[in-house]
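Chains as they are written, first to last, in the working numbering: chain E, 1 to 336; chain V, 1001 to 1648; chain R, 2001 to 2207.
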Amino acid sequence: MLCRSARLSMALLAFPKNQTPLDPAGPQARHIEHTFLLIFWITSIVYAIVIAVLAIGVLRARSREAGIPAPFTPDPAVEKKAARIVGGALIATVILITIMMVSSFVTSHRTAALADQPALRIDVYGHQWWWEVVYPNGAAPSRVIHTANEIHVPANTVIDIHGTSRDVIHSFWAPNIHGKKDLLPGYENDLTFKVDSPGVWRGQCAEYCGMQHAQMAFDIVAQSPDEFEAWYRQQLKPAADPSSPEAERGRTVFLSQACSLCHTIRGTIAGGTAAPDLTHLASRSTIAAGALKNNVANLTAWVLDAQKIKPGCRMPPNLMNSTDLNDLIAYLETLQ
Amino acid sequence: MSEQRAELIEIDVSAEREVALAAELEEIWQEPPGFLGWFKAVHHTTIGKRYIVTAFCFFLAAGLLAGAMRLQLAFPELHLMGPDLYNQIFTMHGTVMMFLFAVPMMFEALSVYLVPLMVGTRNIAFPRLNAFSYYLFLFGGLMVFAFFFVNSGPDRGWFSYVPLASLRYAPGKRADAWAQLITFTEVSALSVAVEIVVTVFKLRAPGMSLNRIPIFVWGQVVTAFMVIFAMPGVVVSSTMLLLDRTCSTQFFNPANGGDVLLFQHLFWWFGHPEVYIIFIPGTAIVSTIVAAFARRHVFGYLALVLSLIATGFIAFGLWVHHMFATGIPQMSESFFTAASMMIAIPAGTQIFCWLATICTGKVILKTPMWWVLGFFFVFVIGGMTGIYVASVPVDLQVHDTYFVVAHFHYVLIGGAVFPLFGAFAYWFPKITGRMLSERLGFWSFSLFLIGFNITFFPMHLVGLRGMPRRVYTYPLNAGWRLLNQVESAGYILLFAGVLLFLINVVRSLRHGQIAGPNPWDAGGLEWAAASPPRSYNFLHIPTVNGREPLWDARPDQPVVIGLHTDVREVVTTRIMDAEPEGRDEMPGPTIWPFIAAVVTTAMFVGSIFRPLAIGIGSVPLAIALIGWFWPTREESSRRRRRDIWQQE
Amino acid sequence: MAAGVSQRRLALDVSRLPDVTFAIRSVTWWGTIGMMAIEGGVFALAVASYFYLHSRTDRWPPTGHPPDLLWGSLNTAVFLLSLIPTEWYRRRAHKGDLRAVRLGLIIASLTGVVNLTIRYFEMKHLNCNWSGDAYGSIVWLLIGLHITHLLTDWVETLVLTVLFFSPHVEGKRFVDAEENASYWYFVVLTWIPIYLVLYWAPRWLVG
Ligand code: HEA
Ligand code: HEA
Ligand code: CUA
Ligand SMILES: [Cu+2]
């Protein structure tokens, strides 16, 4: 009830709820929201009191004399009374602060509770300006999958995002699920959480990391355990051989162009590691770290000149005639 | 030789003698005339005025940059400016506001102009160093704007984290420009800090014992100490950054044993106290204005002084609250949460004491008081959001979102800019001799207050809707558009408010009504001087009998006599009880500080391109400094004749 | 508070107060203290950074070779000895003893030369390179910080010595001499922790 009304007062107008701490999708975010609301109510009330006292005080004490009245010494009785009130206010302050402090400690403790439970570990590497996602699954290299910008997790399972950075500092933040955690070069940080139920939530890099910090988003896709299992098995597969002739040609284009220097497509000789793994590109809903929907038009535009879409990003423009380009896109579209 | 004590005597004062004395003092204290004289000036009112005007111009410039940002963010996926330009603009905005406006204005400018007047002396301690510090501040600012205009403006954010700012990810000179600007501003701030501490320790008017020092002066002293202990943090971090970039040291390179968080620790060791360096002078202004406009001594003098000092201490235990997301151990997180929230106690103490002063006073609502009321309304919101971000779990959600942007504009503008405009309205008559227009004053206040809240309140909400800070654009479907447009609209009112203030100033400079020494009938010593103050501040150095010297003065309050009037001599007093204990001759005008500043500037800027410049530059610098301190023959012989040695 | 027409009023006559004052009674002394506080802070944070970086590496120094003890220890000895003449001329300065102060300043200038010479060899035996790794960087930063103070104070001493043989000798000069002495104390006292950190910390921190 309290939460509801507060959430309303916070939300004001309706707005997309897939990237906000005010619509928790997991226990961590929920704990945090409770502390948030506690602080919200306490501070709002205290603020109201302070301003009320000020307003009344000014109105009552306003000088009605013409011009500037002479300085005076208020009588000791009044001063004593004032002193008592101030003292009381300070005691109240101390108490309220202690309450908020304790609540915040408790929440920290609760949100960290999953840290020592068995978890599905997902390695996330920050890059300028995309997210490399690796599922080691504690298993043999053959069972490790590489993907980018789209993190699939089984719902209601403990997830451990094990993060670091390949270049500058980034920050991993999906507010509906948990607070943020920085990915720092030279450090490895863990963020453990659960997602209640299937759904898609948006996350975004929250540490200024240069030119395209603004377009470094990712999706967290929570699935029922068997859906997740299916997805995982699909991702394990190398890229299927192209069926249509233009896709066939597209692959040749891909391999002959610079693409393979940076990108990997398992099942081909393309083994670059500087850029997102494209083995299952077509299975992803966005490209370029959330900058674009994943569709033919956008892919074409992106491959032709990524700099137009994401100025400064680490992918160069690629000059090629339209047939090559169309074939190439046709091929990329097959990478389910 | 006779006993070395000051003694009370009865003297005859006649109008003629006063006039003659005034003439003598003017003769010896006046600033040198002519064009060159402009560069030789050393009086604290001259330098103080320059500080005020310069810092305010930087505020206007950074404010215009803010306008550019608001325009870019008014529409989603707008490509009015690319990320490269936007990043320079927000970095310039933050850097200029913090390092070239907030700190220099709230601390250097105000204290240089006001503190010597308020403690009743004739000039600031080390006036030549003071001039030097101003020129460095000015040149540093000009340098960074020069870089900006040739598209080499800093673009790594106002705290320029590594490795983003290290050579590998920031080729070119942008990050160096930032780091070197820091060097300029730290030298000037540190010099002023020492001057203020010494001025207040040694140059207070007889009778101004510790428990009678005006709150404003207390505030500036606490600030000065914070500058002295905090600045080394940024000295070290920006130096390491420059060395990493120009001399291939490895401080911040994880590949070679360096560490990226070291920079953050060092920076915030300074960066957090800095925000109170900006805020404490603001509270000092509020205490002053509240007392003057409630027509009574401020309520809870001791409590206020103690909370200033407490803030000063606690401020050094908070720096990690800017790094909660870096994954530091929970234990230390809890400590820094506790410390951060505890700051609310001294802050609250001050708020409550002011409320008590107002409720028990006879409040007059003039422009300065309006700004103070605005301060309450705005700052307390900012303080409250400070409590949100002090809580680790909550901060992990709102850190680096627009919620934080809202927090710090509410505290910075509420805690510093509102009091500052109040201070302008309050001391303008003292500085210029003319009153500002009440009507325009009230209007610019209203516009600014309304515009401010329209601009910044929605930032809380857009931050809670997930909008990160430092983004040059945002997707259409994110649901941030409306709020951003409201914010940008608010900027127009802000702009109008500031513009109206400027108009008010320009008009009043010419047509404002003549103020007289004490238009507000206030209690501070500065109101005993003429408006604007003469070059020697006080005809007679006053003595003090209370916290509001003019209100508490006895009818026969003695004045100080017996200082030489043919040299710039002032009386020095004991730290605790301000008993007179000596006389000190202050240096006069000279060109050397200016020359030294020019050389230093060349040295600093040169070192961005060739580290060797430091070595080369140090030679002319040494020469300039020797010229600065070298006495003249007549000085030396005169002193030799007059020297009275301290008896052990 | 400006007085009007001719009248009697109370006044505080300060004409007999001294204008040559030392230590806590002198304005310049407090200025020097302020500067020391700032520079002390810089040293403290540099030392803190040294240990922070140490806490982030497993091998310290990474090369396994800490600086050679000889020259650094020698310099430390010279620094400590130099305090004796310093203290002597500092006290004589209070008394305005011209000959003593002149002599003291000459000695101070000479010790400066000795310190700088030894410092040169010190730097040749630090066994690390500032661009090699973070350890080297912080070592050179610390030594660099200190040598800057050493140099500036030395130059200051030279200038003051010259002044004392010029027609400019007067009360203020003796005050300056006293400042100069106290500043030398600062240079020496900051060296001791730096010496321990640079030369002994790596030996104690092994393992
Ligand atoms: C004038 C400057 C100023 C001031 C005064 C403050 C005041 C406070 N600030 Fe703020 N802060 C900044 C300037 C300032 N801040 C800036 C510039 C940043 C961002 C830097 C950047 O990232 O760019 C920042 C960021 C910042 C952070 C990091 C946020 C993040 O990056 O994620 C935190 C975290 O703890 C914080 C906390 C506080 C607290 C607890 C106070 C407290 O001092 C507030 C105390 C005051 C009150 C609480 C109100 C008055 C009290 C009462 C009326 C009594 C009753 C109160 C209660 C019962 C609660 N601040
Ligand atoms: C004291 C400090 C201070 C002040 C006063 C301000 C004032 C303002 N700030 Fe700023 N701000 C910061 C300190 C400050 N800011 C800091 C530290 C950052 C963080 C930077 C970073 O992330 O690195 C920041 C970041 C920041 C952002 C976030 C940028 C981003 O994260 O992408 C925004 C966005 O709206 C903003 C807006 C504003 C606005 C609209 C004002 C307005 O209040 C401005 C009001 C001023 C005017 C309206 C000027 C009017 C000018 C005239 C009238 C001139 C007339 C012309 C002539 C006479 C020549 N600021
Ligand atoms: Cu990555 Cu911001
Ligand atoms: Cu802070």
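Note that the Cβ used here is the ideal one computed from N, Cα and C, for glycine as well.
Please determine whether the Cβ atom of residue i lies at a distance below 7 Å from any heavy atom of ligand 2.
i: Met1098 (chain V); result: yes
i: His1511 (chain V); result: no
i: Glu1487 (chain V); result: yes
i: Ile1413 (chain V); result: yes
i: Thr1455 (chain V); result: yes
i: His1093 (chain V); result: yes
i: Leu1499 (chain V); result: yes
Do residue j and residue i come within 8 Å of each other at the CB atom, strictly closer than that value?
i: Thr1326 (chain V); j: Ser1391 (chain V); result: no
i: Ala82 (chain E); j: Thr1288 (chain V); result: no
i: Lys310 (chain E); j: Gln212 (chain E); result: yes
i: Cys1247 (chain V); j: Pro1611 (chain V); result: yes
i: Val1042 (chain V); j: Ala1125 (chain V); result: no
i: Arg1469 (chain V); j: Val1405 (chain V); result: yes
i: Leu2053 (chain R); j: Tyr2135 (chain R); result: yes
i: Tyr1472 (chain V); j: Tyr1086 (chain V); result: yes
i: Gln223 (chain E); j: His152 (chain E); result: yes
i: Ala1006 (chain V); j: Val2014 (chain R); result: yes
i: Gly1120 (chain V); j: Val1398 (chain V); result: no
i: Phe2022 (chain R); j: Gln1646 (chain V); result: yes
i: Ala174 (chain E); j: Ile122 (chain E); result: no
i: Ala270 (chain E); j: Leu255 (chain E); result: yes
i: Ser165 (chain E); j: Pro185 (chain E); result: yes
i: Ser2026 (chain R); j: Asp1012 (chain V); result: no
i: Val1567 (chain V); j: Glu1585 (chain V); result: yes
i: Ala1416 (chain V); j: Gly1271 (chain V); result: no
Taking only heavy atoms of ligand 1 into account, decide whether any of them is closer than 7 Å to the Cβ of residue i.
i: Ile51 (chain E); result: no
Residue i: beta carbon under 7 Å from a heavy atom of ligand 3?
i: His213 (chain E); result: yes
i: Trp353 (chain E); result: Since the displayed chain E opens at 1 and closes at 336, residue 353 (chain E) lies outside it and no answer follows.
i: Gly126 (chain E); result: yes
i: Glu132 (chain E); result: no
i: Met216 (chain E); result: yes
i: Cys313 (chain E); result: no
With a threshold of 7 Å (Cβ to nearest heavy atom), would residue i be considered close to ligand 4?
i: His1322 (chain V); result: yes
i: Leu1318 (chain V); result: yes
i: His2149 (chain R); result: no
Examine ligand 6 and report whether any of its heavy atoms sits within less than 7 Å of the Cβ of residue i.
i: His1407 (chain V); result: Among the ligands in the structure shown, ligand 6 does not appear; only ligand 1, ligand 2, ligand 3 and ligand 4 can be found there.
- Taking one C-beta from the stretch 274-294 of chain E and one from the stretch 258-266 of chain E each time, how about it: are there three or more such pairs within less than 8 Å? Contact between the stretch 274-294 of chain E and the stretch 258-266 of chain E is present: 3 or more CB-CB pairs across the two stretches fall below 8 Å.
- Check whether the stretch 2042-2049 of chain R touches the stretch 2095-2104 of chain R, counting contact only when three or more Cβ pairs, one atom from each stretch, lie closer than 8 Å. Result no; under three Cβ-Cβ pairs closer than 8 Å.
- Message: Ignoring anything shorter than 3 residues, give me the beta strand (DSSP E) runs that lie fully in the stretch 1502-1571 of chain V, in order along the chain.
- Response: DSSP runs (the beta strand (DSSP E)) wholly in the stretch 1502-1571 of chain V: 1559-1561.
- Message: Under 8 Å: do the stretch 93-109 of chain E and the stretch 1339-1349 of chain V share three or more Cβ pairs, one atom per stretch?
- Response: Between the stretch 93-109 of chain E and the stretch 1339-1349 of chain V, the count of C-beta pairs closer than 8 Å reaches three or more; the two stretches touch.
- Message: Report the start-end ranges of each alpha helix (DSSP H) in the stretch 259-316 of chain E that is 4 residues or longer and not cut off at the edges.
- Response: Taking 4 residues as the shortest admissible run, the stretch 259-316 of chain E contains the following complete alpha helix (DSSP H) segments, listed from N- to C-terminal end: 259-262, 296-304, 306-309.
- At a cut of 8 Å, does the stretch 1554-1561 of chain V reach the stretch 1208-1216 of chain V through at least three beta carbon pairs? Counting Cβ pairs under 8 Å, fewer than three are found: no touch.
- Task: Note down, one range per segment and in chain order, each beta strand (DSSP E) of at least 3 residues found wholly within the stretch 1080-1123 of chain V.
- Result: Entirely contained in the stretch 1080-1123 of chain V, not one beta strand (DSSP E) run reaches 3 residues.
- Message: At 3 residues or longer, what runs of the beta strand (DSSP E) sit wholly inside the stretch 98-147 of chain E?
- Response: The stretch 98-147 of chain E contains these whole beta strand (DSSP E) runs: 120-127, 130-135.
- Are at least three pairs of beta-carbons, each pair with one atom in the stretch 245-255 of chain E and one in the stretch 289-307 of chain E, less than 8 Å apart? These segments do not touch.
- Enumerated in chain order, which unbroken segments of the alpha helix (DSSP H) with a length of 4 residues or greater are wholly contained in the stretch 25-107 of chain E? 27-61, all fully within the stretch 25-107 of chain E.
- Segments assigned beta strand (DSSP E), at least 3 residues, entirely inside the stretch 152-225 of chain E: Qualifying beta strand (DSSP E) stretches, in chain order: 159-165, 170-172, 181-183, 189-193, 199-204, 217-223.
- Task: Examine the Cβ distances between the stretch 60-72 of chain E and the stretch 1295-1312 of chain V and report whether three or more of them are shorter than 8 Å.
- Result: Below 8 Å, enough C-beta pairs join the stretch 60-72 of chain E and the stretch 1295-1312 of chain V to call them touching: three or more.
- Message: If contact is defined by three or more beta carbon pairs under 8 Å, each pair taking one atom from either stretch, is the stretch 1510-1521 of chain V in contact with the stretch 1424-1436 of chain V?
- Response: Yes, the stretch 1424-1436 of chain V touches the stretch 1510-1521 of chain V.
- Task: Specify whether the stretch 1488-1502 of chain V and the stretch 1063-1070 of chain V touch according to this definition: at least 3 beta carbon pairs, one from each stretch, less than 8 Å apart.
- Result: Result yes; three or more Cβ-Cβ pairs closer than 8 Å.
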